[in-house]
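Colleague: A single structure is presented below for examination.
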Amino acid sequence: MATIKDRYAIAGIGHTEYSRNSGRSELHLALEAIMGAIKDAGLDFKNIDGIVGDHPSRVDVMTIGNALGLQKFGFFIETEFAGGGVPSGLLHAIAGIEAGWATHVVCYKSLNGSSKNSVPAFEFVVQPHELGFTRPFGLLDPVAYAALAARRHMHQYGTTSRQFGAIALACRKHANRNPNAIMHGEPMTIDDHQQSSLIADPLRQLDCYVEADGAAACVVTSAERARDLKQEPVYIMAASQACGPSLSCGTMDPTVTENETRLLARNLFSMAGLTPTDIDVLQVYDDFTPLVLMALEDLGFCEKGEGGGFVEGGNLEWPDGELPLNTGGGNLSEGCIEGFNHIIEAVKQLRGVSTAQVRDAEVVLVCGATGVPTIGLILRR
Amino acid sequence: MPYLPMPLPLPYEESKGFWAGCKRHELLIERCMDCHVYRHPPIPVCPECQSWNKEWVKVSGNGKVEGFTIVTRALFPGLPVPYNVVRVELEEQKGLLIIGNVIDCSPEEISVGMPVKVTFEDITPDRTLYYFKKAE
Amino acid sequence: MPYLSGLPLPEPHVDYEEFWRGCKNNRLVIQRCDDCGWYRHHPRPLCPKCRSWNARWTEVSGKGTVWSYTIITHPINPAVKDQTPYNLVEIELVEQEGLRMISNLIDCKNEEIYTGMPVKVVFEEISPEITLPRFKKTSFQKNFL
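Residue numbers (the working numbering), protein chains in the order written: chain G, 321 to 701; chain A, 25 to 160; chain S, 260 to 404.
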């Protein structure tokens, strides 16, 4: 079977401002982002023959198609399980083009996560009856799930809250360079992090993502077609999904060495022919700092249990850190666009237009955090 | 009394203007300000030319039944069968369709091509629904 | 007074009936594979180890240790608006490594909770139909395990 390596590219990106209150519907936001992406690619609406929405469903693909004036389009998917990992829409787009069902696919994500509080909870991802084993006991939100895992990691490896804070600090630093970030203009110190109120011990307010209103979209096409379009293509070197022990019953063992993130890393690095040392910039889905720390271990950037030491000393911070993380601010400080903001920022890095531009950025890894079914992409210019 | 005991429409950004029109007993249809094509239901972007510029236009309310059905099986208790559901093509534009019910009309009287005119009924202080009546 | 009130109750489901019936009778029953002996929680039709359909509900000792815990301080969910801070624990039952369940510790100050603390199940009636398993601190006796 032929590999997909380097045969597909992101040809255009578009996004709205990210804010606390967009004042617009999710449909309106989605259309802005999508039309922006089509225009960025230098395409006509007529060229779009595939539409992939990352959900849970807030804006369906039919309505998008109708708005774009597409009388018919041959490929459409509404993916499952957004909010846990980076949107899987791009993988479906690749599959659709590879199968010959489409040539230019628009992928999008839109939410009023802040003003309408439309952020998914467990209800979307586990069997409803399984909730009987968690909700009566007060495990109601993903934050409690992350907190239980964090506490276990601290117990097993001596990881500290300050080390989780180092991740939040890096993202805030990057957001302060990004005018579109919700937390732009609000510096944070480690003391601020330590004094922020506890949400679910040991997780503090500043360990948790910032809800946002906004939309983002991109156009995926073949590498050859992308080369004829307006922008320099951002090539997809590798793409993979990985699923491990489910979220059901609210338990996740962060000390397990063979988990979905390990599988993801193996798939991505072997497909791309790379190792972790080849990654210049990292965009990891960051709803909760401890899960990012665990992802750094599982992806192979450091040994299991050594994530705490790895994130210290500004290692994740632009411009001097070894591995700049979430250079737009991430969900933690740019705003939670459920991972599509990570894809957008990755493309900006590779085009050389990020607000925290890593010098000579050649390869970017975008992926979900540990503990949830996940996807990843390795992108290059 | 509404024709059917169904939940009333919810306020969404896209349709607020439409229901505000109904409250004033006006049938408003969204029209693109650049290419002048009407569209219904309302949508932020013009499907013809992708322009964001749009306006609400008060239409005559005259149209023809383009298609209809008579529902005879009650999906849930309390639904007063038989009832009709029609698609009306408004006279302003070919293919401009709107779903509704024809009131004060027996099932046997309804036919494709039948001329109708819009009418309004205030259901609550905030919510007015539109219906159609046989046109003279 | 139940430890937490006003929260969604477990919904009846054919795969889980026996578990909740056990709780109502103050017994902690866990599904155990008839063929390979592997305990599994949450209950499910197939054994995750050997994929056998044969299982029986087995009463366990109710003893375990706190594998992890959190103190929910901020009421993100309005259902718990006036009940924070409360604890949420993940208990590893002694019968099998990795056999864990979510619950709460009662009669215990939040500051006293620590990973590894020995606990034993108790039962709390929430409604005429539903009794929930909770846990209480116990001590490591010679024959705890």
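A virtual CB, placed ideally from N, CA and C, is assigned to each residue, including glycine.
Remember, it's a predicted structure, so these values are computed and weren't measured experimentally.
#1: How would you list, in chain order, the residues of chain G whose beta-carbon sits under 9 angstroms from the beta-carbon of Leu-391 of chain S?
#2: Looking at chain A, which residues of the stretch 373-396 of chain G have a Cβ within less than 8 angstroms of any of its Cβ atoms?
#3: In this structure, does DSSP put Gly-403 of chain G in helix, strand or coil?
#4: Any C-beta of chain S sitting closer than 8 angstroms to the C-beta of Asp-511 of chain G?
#5: Would you verify that the beta carbon of Thr-571 of chain G is, or is not, closer than 8 angstroms to some beta carbon of chain S?
#6: Below 8 angstroms between beta carbons: does that hold for Thr-575 of chain G and Arg-482 of chain G?
#7: In whole angstroms, what is the alpha-carbon distance linking Leu-121 of chain A and Gly-655 of chain G?
#8: Can you grab the Cα-Cα spacing for the pair Gly-403 of chain G / Ile-657 of chain G, in whole Å?
#9: Going residue by residue through the stretch 493-537 of chain G, where are the continuous alpha helix (DSSP H) segments of at least 4 residues, counting only ones entirely within it?
#10: For His-348 of chain G, return the contacting residues in chain B, with the cut-off set at a CB-CB distance below 7 angstroms.
#11: Assign Gln-603 of chain G to one of two classes, buried (16 or more other C-beta atoms within 10 Å of its C-beta) or exposed (fewer than that).
#12: Contact criterion: CB-CB distance below 8 angstroms. Does Ala-402 of chain G meet it with respect to chain S?
#13: Can you find the residues in the same chain that come closer than 6 angstroms, C-beta to C-beta, to Val-379 of chain G, ignoring five residues on each side of it along the sequence?
#14: Quick check: the Cα distance between Gly-375 of chain S and Ile-361 of chain S, rounded to an integer number of angstroms?
#15: Return the bridge partner residues of Val-273 of chain S from the DSSP annotation.
#16: How about Val-530 of chain G and Asn-651 of chain G: are their beta carbons less than 8 angstroms apart?
#17: Just the chain S side, please: which residues come within less than 7 angstroms of Glu-450 of chain G by C-beta, in chain order?
#18: Do Cys-528 of chain G and Phe-608 of chain G have their C-beta atoms within less than 8 angstroms of each other?
#19: Can you give the Cα-Cα distance for Glu-133 of chain A and Phe-92 of chain A, rounded to whole angstroms?
#20: Which whole-angstrom value describes the C-beta separation of Gly-649 of chain G and Ala-501 of chain G, a residue pair presumed to lie in contact below a C-beta threshold of 8 angstroms?
#21: Any C-beta of chain A within less than 7 angstroms: which residues of the stretch 341-366 of chain G qualify?
#22: Tell me whether Val-678 of chain G sits in a helix, a strand or coil according to DSSP, three-state version.
#23: Which residues in the same chain as Pro-334 of chain S place their Cβ atom closer than 7 angstroms to its Cβ, once the five residues preceding and following it in sequence are excluded?
#24: What residue does the alpha helix (DSSP H) around His-60 of chain A start on, and which one ends it?
#25: Of all Cβ atoms in chain S, is any one closer than 8 angstroms to the Cβ of Arg-471 of chain G?
#26: Which residues does DSSP pair with Glu-360 of chain S in a beta bridge?
#27: For a cutoff of 8 angstroms on Cβ pairs, would you count Arg-359 of chain S as touching chain G?
#28: So with CB distances below 7 angstroms, who are the chain G contacts of Thr-317 of chain S?
#29: State the beta-bridge partners of Pro-377 of chain S as determined by DSSP.
#30: State the CB to CB distance for the pair Leu-316 of chain G and Ala-562 of chain G, rounded to an integer number of angstroms; the pair is presumed to be in contact (CB under 8 angstroms).
#31: Hey, is Leu-468 of chain G's beta-carbon within less than 8 angstroms of any beta-carbon in chain S?
#32: Rounded to the nearest angstrom, how far is the Cβ of Ala-314 of chain S from that of Cys-292 of chain S, given a contact under 8 angstroms?
#33: Taking 8 angstroms as the cut-off, decide whether the C-beta atoms of Leu-175 of chain A and Leu-28 of chain A are in contact.
#34: Distance check for Pro-377 of chain S and Glu-632 of chain G, CA to CA, integer angstroms please.
Modeller: Short version:
#1: Here residue 391 of chain S refers to the residue found at position 132 of the third sequence. Within chain G, the residues near Leu-391 of chain S are Pro-456 and Phe-457.
#2: Thr-383, Asn-386, Ala-387, Leu-388 and Gly-389
#3: Numbered from its first residue, the first sequence carries residue 403 of chain G at position 83. Only weak support is given to the placement of Gly-403 of chain G: the predicted model assigns it a pLDDT of 42, under 50, and the value that follows is read from those uncertain coordinates. Coil.
#4: As a working note, residue 511 of chain G is residue 191 in the first sequence. Answer no: the Cβ-Cβ gap between Asp-511 of chain G and chain S never drops below 8 angstroms.
#5: Taking the first sequence and counting its residues from 1, one reaches residue 571 of chain G at position 251. Yes, Thr-571 of chain G lies at the interface with chain S (some Cβ there is under 8 angstroms from its Cβ).
#6: For the purposes of this step, residue 575 of chain G is taken as residue 255 along the first sequence, with counting starting at 1. For the purposes of this step, residue 482 of chain G is taken as residue 162 along the first sequence, with counting starting at 1. Contact flag unset, no.
#7: Residue numbering aside, residue 121 of chain A sits at position 97 when the second sequence is read from its first letter. Residue numbering aside, residue 655 of chain G sits at position 335 when the first sequence is read from its first letter. Looking at the two C-alpha atoms, the distance is approximately 40 angstroms.
#8: Translated into positions along the first sequence, residue 403 of chain G becomes position 83. Translated into positions along the first sequence, residue 657 of chain G becomes position 337. Legend: pLDDT at Gly-403 of chain G = 42, less than 50; position of this residue unreliable, value from coordinates given subsequently. So the alpha carbons of these two residues sit roughly 9 angstroms apart.
#9: 510-515
#10: Absent from the structure: chain B. Protein chains present are G, A and S.
#11: The residue you call residue 603 of chain G lines up with position 283 of the first sequence. Buried, by the Cβ-count rule.
#12: What you label residue 402 of chain G is simply residue 82 of the first sequence in a count that begins at 1. Here Ala-402 of chain G scores only 48 on pLDDT, less than 50, and its place in the model should not be relied on; the value that follows carries that caveat. So, not an interface residue.
#13: Mapped onto the first sequence, residue 379 of chain G falls at position 59. So the list reads Glu-346, Leu-347, Ala-350 and Ser-430, once near-sequence residues are dropped.
#14: As a working mapping, residue 375 of chain S is identified with position 116 in the third sequence. As a working mapping, residue 361 of chain S is identified with position 102 in the third sequence. Distance between the alpha carbons of Gly-375 of chain S and Ile-361 of chain S: 15 angstroms.
#15: As a first step, residue 273 of chain S is located in the third sequence; it is residue number 14 there, counting from the start. DSSP, once it has assigned bridges, lists no residue as partnering Val-273 of chain S.
#16: On the first sequence, position 210 is the one that residue 530 of chain G refers to. On the first sequence, position 331 is the one that residue 651 of chain G refers to. Yes. Within cutoff.
#17: Mapped onto the first sequence, residue 450 of chain G falls at position 130. The answer, in chain order, is His-301.
#18: Translated into the one-based positions of the first sequence, residue 528 of chain G becomes position 208. Translated into the one-based positions of the first sequence, residue 608 of chain G becomes position 288. Taking 8 angstroms as the Cβ cut-off, Cys-528 of chain G and Phe-608 of chain G qualify as a contacting pair.
#19: Residue mapping note: residue 133 of chain A aligns to position 109 of the second sequence, counting from 1. Residue mapping note: residue 92 of chain A aligns to position 68 of the second sequence, counting from 1. Their backbone Cα atoms lie some 11 angstroms apart in a straight line.
#20: Numbered from 1 along the first sequence, position 329 holds the residue referred to as residue 649 of chain G. Numbered from 1 along the first sequence, position 181 holds the residue referred to as residue 501 of chain G. Right, the Cβ-Cβ distance comes to about 4 angstroms (below 8 angstroms), so this counts as a contact.
#21: Arg-344, Ser-345, Leu-347, His-348, Leu-351, Met-355 and Phe-365
#22: Position 358 of the first sequence holds residue 678 of chain G. Val-678 of chain G: coil per DSSP, three-state reduction.
#23: Locating residue 334 of chain S in the third sequence gives position 75, counting from the first residue. Lys-340 and Thr-343.
#24: Residue numbering aside, residue 60 of chain A sits at position 36 when the second sequence is read from its first letter. Unbroken run through His-60 of chain A: none, as it is neither H nor E.
#25: For the purposes of this step, residue 471 of chain G is identified with residue 151 of the first sequence, where counting begins at 1. Yes, Arg-471 of chain G lies at the interface with chain S (some Cβ there is under 8 angstroms from its Cβ).
#26: Here residue 360 of chain S is taken as the residue at index 101 of the third sequence, counted from 1. For the record, residue 360 of chain S in the displayed sequence is Met; it is not Glu. Paired residue(s): S:Ile-350.
#27: Residue mapping note: residue 359 of chain S aligns to position 100 of the third sequence, counting from 1. Closer than 8 angstroms: yes.
#28: The sequence position of residue 317 of chain S within the third sequence is 58, counting from 1. Those within 7 angstroms of Thr-317 of chain S in chain G number zero; the least Cβ separation is about 17 angstroms.
#29: In the third sequence, the residue the question calls residue 377 of chain S occupies position 118. Pro-377 of chain S is bridged to S:Thr-324.
#30: Chain G is shown from 321 up to 701; residue 316 of chain G falls before or after that span and cannot be answered.
#31: The count along the first sequence starts at 1 and reaches residue 468 of chain G at position 148. Yes, contact with chain S.
#32: Stepping through the third sequence from its first residue, residue 314 of chain S is reached at position 55. Stepping through the third sequence from its first residue, residue 292 of chain S is reached at position 33. Correct: roughly 5 angstroms between the Cβ atoms.
#33: There is no way to answer for residue 175 of chain A, as the model of chain A reaches only from 25 to 160.
#34: Looking up residue 632 of chain G in the first sequence gives position 312. Looking up residue 377 of chain S in the third sequence gives position 118. Approximately 34 angstroms between the Cα atoms of the pair.
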